[in-house]
Each structure stands twice: as C-alpha cells, then as structure tokens.
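Numbering (the numbering used here), first residue to last: 958 to 1092.
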C-alpha cells in the first residue's frame, strides 16, 4: 500500500536527487534505513516542511532496534533537505523508556479483538496508510 502513495513517490524522488551518492537503503529484518554514514550514524530523510514527533520516534525506534537486537549503540540524524536542516538524535534512557511505553501500547492495541475506532487527526489526510483507517 505504501508504494502506491504519491507522497511516498515524492519522497523517493527527493531521496534520489539529494542523496544519490550516499543513499544506500539498508533492509535489516523489518526496518529500512535510508543510509548509514561514519559507520555509526543512521540517517533518515524526511520530505516534510516541518519537524514532527513521529519522525523522531521512527528514528529512535531504529536506534532501539539496533541496540536490542544487535547490541549496537548508534547515533541518529534526521535530514530535512527542504528545510536544509539536520538534527542529531541520541537514544537516551528517558527516550528509550518513552519508546518502550509506546511499544507496549501498540502491543495492547494489536492484542484487542476489535481495533479501536479511528480518530481523525490533521496528518491523516497525507498519511500513506490512510486506507487502513478510513476505508
């Protein structure tokens, strides 16, 4: 479903145009890293024109996944080419705890017999997964 989204396609074009030399998407189990630099820096590229908490937690999850599954302590960088900004991200103990709480909430939702009713948020209109909630 995600590959059919126009927004995802625009993001892929941006990846290719701005990061052509560095972009080497790496699939590790169920996560896909945009690229790794300096042997310890996971980079995530975002097409957005503003920084979102969801971007932060996506990258924090990647850092957590690499730590818990491969015992690798890595740094993260959120790249916003349209804003010409890079944000350094570190998986602190506080952020790790917050992420673990989020993952527990997700597990509780998955284990329910009936999914919760969707709640419309502003970002729903541009979500590549909107059909899951609204069809």
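Virtual Cβ for every residue (Gly too), placed ideally from N, Cα, C. This one's a predicted model, so the numbers in the text were calculated from it and none came from an experiment.
If the five residues before and after residue 1029 are omitted, its C-beta is found closer than 6 Å to the C-beta atoms of 1023, all from its own chain and listed in chain order.
In the DSSP assignment, residue 1059 falls outside any beta strand (DSSP E) and within the unbroken alpha helix (DSSP H) covering 1050 to 1068. Listed as beta-bridge partners of residue 1033 by DSSP are 999 and 1046. DSSP places residue 989 in no alpha helix (DSSP H) but in the uninterrupted beta strand (DSSP E) bounded by 988 to 990.
Burial check for residue 1070: the Cβ neighbour count within 10 Å stays below 16, so the residue is exposed.
Counting along the chain, residue 1005 sits inside no alpha helix (DSSP H), nor does DSSP assign it H or E at all.
In the DSSP secondary-structure assignment, residue 1076 is not bridged to any residue. For residue 1088, the enclosing alpha helix (DSSP H) has its first and last residue at 1087 to 1091.
When 1063, 1049 and 1005 are compared, the shortest CA-CA separation from residue 1040 is found for 1005.
With fewer than 16 neighbouring CB atoms inside 10 Å of its own CB, residue 1010 falls in the exposed class.
Rounded to whole angstroms, residue 998 and residue 1057 show a C-alpha spacing of 22 Å.
With a cutoff of 8 Å on beta-carbon distance, residue 993 and residue 1038 are scored as not near each other.
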